[in-house]
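Peer 1:
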Amino acid sequence: MVTIIDGKALGQKMQGKLAKKVKDLKREFGIVPGLAVILVGDNPASQVYVRNKEKSAIAAGFKSETVRLSESICQEELIAIIHQFNQDESIHGILVQLPLPSHINDKKIILEIDPKKDVDGFHPMNTGHLWSGRPLMVPCTPAGIMEMFSDYGIDLEGKHAVIIGRSNIVGKPMAQLLLDKNATVTLTHSRTRHLAEFARQADILIVAIGQGHFVTEEFVKEGAVVIDVGMNRDDNGKLIGDVAFEQVSQKASYITPVPGGVGPMTITMLLEQTYQSALRSVSK
Ligand code: GUN
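In this text, residue positions in the sequence shown follow our numbering: the first is 47, and each later residue adds one.
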């Protein structure tokens, strides 16, 4: 029988604990963790994510500041706003929602975020910490997936983990986190030849390729753990994952649904890392 990994329930449980820690931090040190989110343009998916982040931050007792900027803003103006948040002592985490409009260079923008406030873990300084085995700020989606493995007692030691998708947001940091837990990792992507053959060797299959229902049952070994990072819309506008859930759940031992799987865990880790950053600011 397959177990459906309930990211919504786990996220709520963790956010409930976090809300208590936020109260303690306020009582002991008089500070409230502050999260600044910057959204450029009106990408509908980004608007939904940002609204959800804002709601969860407020529910857990955080200070939440969201700046919504026009698509036509220039790079220098955006950088000036980031610098303001870098200086602002009431802000412990800064997130610039991606993707950015094409006239803005996202790599340059990420470099402007103070690495101590880079709760997305995208700054090269934090990437370096992660790859040298001293993680500080870790990209939230892979960090949330690691929490799921831990909560469901899924052992990674010596297992073959196959990742589909090599982004800086998910695939690459996921590989490093799995290596840290002694998994053997194969990182595949859209140009990989014989992709299904690699996927079929996976004990743990993590799919972040951004194509609705891309992974069908031929990609999956009997008993594999399948983690679906996809967020796509079908022709009717319904939210669907990268994995064909109905057929793959017949073969998998564990599987995450979309929605209610990985998504809520990403937000939970964002709040957790903002809290940790606030805690570091008083325990220097
Ligand atoms: N766009 C999609 N996922 C993410 C994320 O985790 N962080 C940011 N900043 N943008 C995203």
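We put the beta carbon where it would ideally sit given N, CA and C, even for glycine. Source: prediction; values computed, not measured.
(1) Can you give the Cα-Cα distance for Asp88 and Leu115, rounded to whole angstroms?
(2) Please classify Leu146: does DSSP put it in a helix, a strand, or coil?
(3) Closest to His138 by C-alpha separation, out of Phe291, Ala82, Asp197, Ile252, would be which residue?
(4) Which of the three DSSP states is assigned to Ala290 in this structure?
(5) Taking the alpha helix (DSSP H) that Ser102 belongs to, which residues open and close that run?
(6) Using the three-state DSSP reduction, which class does Glu111 fall into: helix, strand or coil?
(7) Compute the distance between the beta-carbons of Phe75 and Val328, then report whether it is under 8 angstroms.
(8) For Arg97 and Val113, what's the separation of their Cα atoms in angstroms?
(9) Nearer than 7 angstroms: is that true of the beta carbon of Ile313 relative to any heavy atom of ligand 1?
(10) Using a Cβ distance threshold of 8 angstroms, determine whether the region 274-283 contacts the region 224-233, with at least three qualifying pairs required.
(11) Leaving out five residues before and five after Ser295 in sequence, what residues of the same chain have Cβ atoms less than 7 angstroms from its Cβ?
(12) At the level of alpha carbons, what is the spacing between Gly269 and Met60?
(13) Does the structure place the region 205-217 close enough to the region 245-253 that three or more beta carbon pairs sit under 8 angstroms?
(14) Does the beta-carbon of Cys120 have 16 or more other beta-carbons within 10 angstroms, so that it is buried, or is it exposed?
(15) Would Val266 and Lys218 be called neighbours here (beta carbons separated by less than 8 angstroms)?
(16) Quick check: what's the CA-CA separation for Gln133 versus Thr262?
(17) Please report the straight-line C-alpha distance between Thr232 and Cys186, rounded to a whole angstrom.
(18) Looking only at its own chain, which residues have a Cβ that is under 8 angstroms from the Cβ of Gln42, when we skip the five neighbours before and after it?
(19) In terms of residue numbering, what span does the alpha helix (DSSP H) encompassing Gly217 cover?
(20) Please tell me whether, using a cut-off of 7 angstroms, the distance from the CB of Asp226 to the nearest non-hydrogen atom of ligand 1 is below it.
(21) What is the DSSP secondary structure of Val68, reduced to helix, strand or coil?
(22) Is Gln296 close to ligand 1? I mean its beta-carbon at under 7 angstroms from any heavy atom of the ligand.
(23) Give me, in chain order, the residues of the same chain whose beta-carbon lies closer than 6 angstroms to that of Ile104; leave out the 5 immediate sequence neighbours on both sides.
(24) Write down every uninterrupted run of the beta strand (DSSP E) in the region 258-311 whose length is 3 residues or greater and which is fully enclosed by it, in chain order.
(25) Taking the DSSP output, what are the residues bridged to Thr230?
Peer 2: With the given structure in hand:
(1) 9 angstroms
(2) The answer is coil: DSSP assigns Leu146 none of H, G, I, E or B.
(3) Ala82
(4) coil
(5) 90-105
(6) strand
(7) Yes, these two residues count as a Cβ contact at 8 angstroms.
(8) The straight-line gap from Cα to Cα measures roughly 11 angstroms.
(9) Ile313 Cβ: outside cutoff for every heavy atom of ligand 1.
(10) Counting Cβ pairs under 8 angstroms, fewer than three are found: no touch.
(11) Within the same chain, Ser295 has close Cβ partners Val48, Ile301.
(12) 28 angstroms
(13) yes
(14) Cys120 comes out exposed.
(15) no
(16) 48 angstroms
(17) 21 angstroms
(18) The requested residue 42 does not occur in the structure, where the chain is confined to residues 47 to 330.
(19) 217-226
(20) no
(21) helix
(22) no
(23) Ser110
(24) 271-274
(25) For Thr230, DSSP records a beta bridge to His206.
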